[in-house]
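Below: the structure, in structure tokens.
2 protein chains.
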Amino acid sequence: KLPEATVLRLGLYQRVLAEFARARRTTISSDELGRHTGENPANVRKDLSRLGTLGTRGTGYDVGTIAARIDEVFATSTPRRVVVVGLGNLGRALVRSRSFFQQGFEVAALFDSSPAVVGTTVAGHVVQPMESVTPEVEALGARFGVLTVPPEAAQDAVERLVRGGVGYIVNFAPKLLQVETTVVVRYVDLSIELQMLGYVEAQGLRS
Amino acid sequence: KLPEATVLRLGLYQRVLAEFARARRTTISSDELGRHTGENPANVRKDLSRLGTLGTRGTGYDVGTIAARIDEVFATSTPRRVVVVGLGNLGRALVRSRSFFQQGFEVAALFDSSPAVVGTTVAGHVVQPMESVTPEVEALGARFGVLTVPPEAAQDAVERLVRGGVGYIVNFAPKLLQVETTVVVRYVDLSIELQMLGYVEAQGLRS
Ligand SMILES: NC(=O)c1ccc[n+]([C@@H]2O[C@H](COP(=O)([O-])OP(=O)(O)OC[C@H]3O[C@@H](n4cnc5c(N)ncnc54)[C@H](O)[C@@H]3O)[C@@H](O)[C@H]2O)c1
Ligand SMILES: NC(=O)c1ccc[n+]([C@@H]2O[C@H](COP(=O)([O-])OP(=O)(O)OC[C@H]3O[C@@H](n4cnc5c(N)ncnc54)[C@H](O)[C@@H]3O)[C@@H](O)[C@H]2O)c1
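Line by line, the protein sequences are chains A and E. Its first residue numbered 1, the first sequence is counted upward by one per residue in our numbering. Its first residue numbered 208, the second sequence is counted upward by one per residue in our numbering.
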């Protein structure tokens with residue numbers, strides 16, 4: 001099992017490797033990978049050696065080899081169905097974003113409670129009412145859910161998802177969810193990014 | 208200087224401590240802090256000892272003391288002006304969110320290039336055109352910027368911000384920015400959250 005910080009970095013490397021591959025570049029150095037992700041090149045080398053991929057002094061790493069190795073870690077070959085609950089500003093931005101659902105994840109269904117939203121089409125999917133969450137998730141075999149609802153709606157939404165079989169949730173609502181221990185919830189708080197910059201500024205640091 | 212992973216965790220603890228304070232709870236254990244942030248309680252104890260705050264066995268830590276200590280780390284007492292460029296789905300979600308601009312950060316100005324957006328009011332601010340970015344940022348003394356524009360617009364937007372004196376940027380657009388070495392950019396890629404869950408599922412792990 002890799003440490004979480006390493007897995008997060010591997011996700012960042014994967015983006016850069018995809019850009020390099022698109023630009024038909026076949027090798028990359030740990031310095032380049034570090035510069036493009038804001039990571040320390042020594043960390044880059046340590047991370048890649050954990051995967052068993054080794055670079056050659058002078059030419060660096062083979063882009064295709066590392067990308068394939070990282071794909072294995074994330075097991076991105078199996079398509080994974082994701083449902084999104086709450087199609088307000090944030091939900092729409094995520095569903096419409098080319099880069100949020102990548103690496104094998106695909107949007108399977110959208111749900112909302114507002115009569116003004118239900119029945120409309122967002123990024124090619126018709127938004128369904130909340131009563132459909134549990135039966136639809138079950139029928140789709142979706143294991144992943146994204147919550148972009150107001151905080152007071154988050155607990156109800158997660159219960160409907162879990163009842164249908166969802167076991168992995170990305171939650172953007174600032175609300176602690178009560179779920180069974182088998183359910184994995186990742187809380188996302190975007191303000192942490194600003195705060196991190198505030199820390200860097202306060203310490204007079206370079207990044 | 209604290210490691211970045213610690214600083215990120217401190218930001219998460221701060222949210223939980225604020226909730227505890229609101230609920231008039233005066234003490235918290237490392238287990239509770241760990242459970243509410245998805246962190247390992249041993250990491251919690253290690254992080255807090257780095258701040259010089261020690262808990263007492265049996266009762267835990269004093270909520271007020273740790274919260275104040277973390278505020279010092281982030282120097283949240285100085286108000287920091289932030290400008291946002293790109294008021295589409297994501298930009299609106301961030302500007303309207305009560306929780307994105309907290310801990311001393313305040314929205315100072317909003318900019319967009321679309322005639323349909325310029326002149327409208329979002330969360331109490333009139334959206335200004337791109338020609339105003341540099342002079343306005345200078346006049347405000349804003350040091351922080353958030354980019355929620357399409358990737359092809361990101362480089363132009365960042366140049367206008369930096370020319371006005373912005374030195375710290377949160378970039379949501381999937382685009383590598385060319386900036387001077389003194390400018391600090393944090394790239395945010397929300398898909399990493401889904402990918403992390405994909406990794407946990409693939410490894411059959413518990414979080
Ligand atoms: N921490 C951060 O950095 C941050 C930033 C932005 C947004 N957020 C959070 O993300 C969430 C979404 O934000 P937003 O700006 O898109 O909000 P929004 O109000 O634009 O959208 C919320 C959507 O949820 C739907 N909804 C409301 N109640 C519901 C219910 N009971 N069941 C299902 N759907 C319901 C609404 O109809 C709406 O479409 C909020 O919880 C917000 O706090 C957090
Ligand atoms: N990686 C992720 O997980 C993720 C998720 C969501 C969004 N995003 C990214 O965030 C960005 C914003 O996404 P969105 O859904 O809000 O897009 P959007 O199209 O809804 O909004 C973009 C806004 O930028 C404005 N704009 C366009 N060109 C501009 C220019 N040259 N100068 C200034 N403003 C300009 C538009 O008028 C619009 O208001 C995109 O780059 C998107 O890829 C990334």
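Where a beta carbon is used, it is the ideal one built from N, C-alpha and C, also for glycine.
{"Check": "Beta strand (DSSP E) segments (min. 3 residues) lying fully within the segment 115-159 of chain A", "Outcome": "125-128 and 144-147"}
{"Check": "Local conformation of E/D269 per DSSP, three classes", "Outcome": "strand"}
{"Check": "Other residues of its chain near E/T285: CB distance less than 7 Å, five sequence neighbours each side excluded", "Outcome": "G311"}
{"Check": "Same chain, Cβ closer than 8 Å to E/G241, five either side skipped, listed in chain order", "Outcome": "N247, P248, N250 and V251"}
{"Check": "Top-ranked residue by Cα proximity to E/L401, from A/S99, A/Q203, A/V117 and A/T53", "Outcome": "A/S99"}
{"Check": "Test item: CB-CB of A/G55 and A/Y61 under 8 Å", "Outcome": "yes"}
{"Check": "E/S290, enclosing beta strand (DSSP E) - first and last residue", "Outcome": "The question names Ser, yet the displayed sequence has Val at residue 290 of chain E. Note, E/V290: beta strand (DSSP E), R287 to V292."}
{"Check": "Sequence-distant residues of the same chain with beta carbon closer than 8 Å to E/G271, five excluded per side", "Outcome": "A228 and T233"}
{"Check": "Residue span of the alpha helix (DSSP H) that contains A/E201, given as start and end", "Outcome": "S191 to A202"}
{"Check": "Three-pair Cβ contact test at 8 Å for the segment 294-305 of chain E versus the segment 361-376 of chain E", "Outcome": "no"}
{"Check": "Under the three-state DSSP convention, the category E/T388 falls into", "Outcome": "coil"}
{"Check": "Interface flag, E/A323 vs chain A, CB-CB below 8 Å", "Outcome": "no"}
{"Check": "Contact list for A/Q103 against chain E, beta-carbon separation under 9 Å", "Outcome": "S398, L401, Q402 and G405"}
{"Check": "Start-to-end residues for the alpha helix (DSSP H) that takes in A/N171", "Outcome": "Element bounds for A/N171: not the alpha helix (DSSP H) but the beta strand (DSSP E), Y168 to N171."}
{"Check": "Short CB-CB distance (under 8 Å) between E/R222 and chain A", "Outcome": "yes"}
{"Check": "Beta-ladder partner(s) of A/R186, from DSSP", "Outcome": "A/V170"}
{"Check": "is_contact[A/L48, chain E] using C-beta, thresh 8 Å", "Outcome": "no"}
{"Check": "Heavy atom of ligand 1 within 7 Å of A/M196 beta-carbon", "Outcome": "no"}
{"Check": "Given 8 Å, three or more beta-carbon pairs between the segment 148-159 of chain A and the segment 177-193 of chain A", "Outcome": "yes"}
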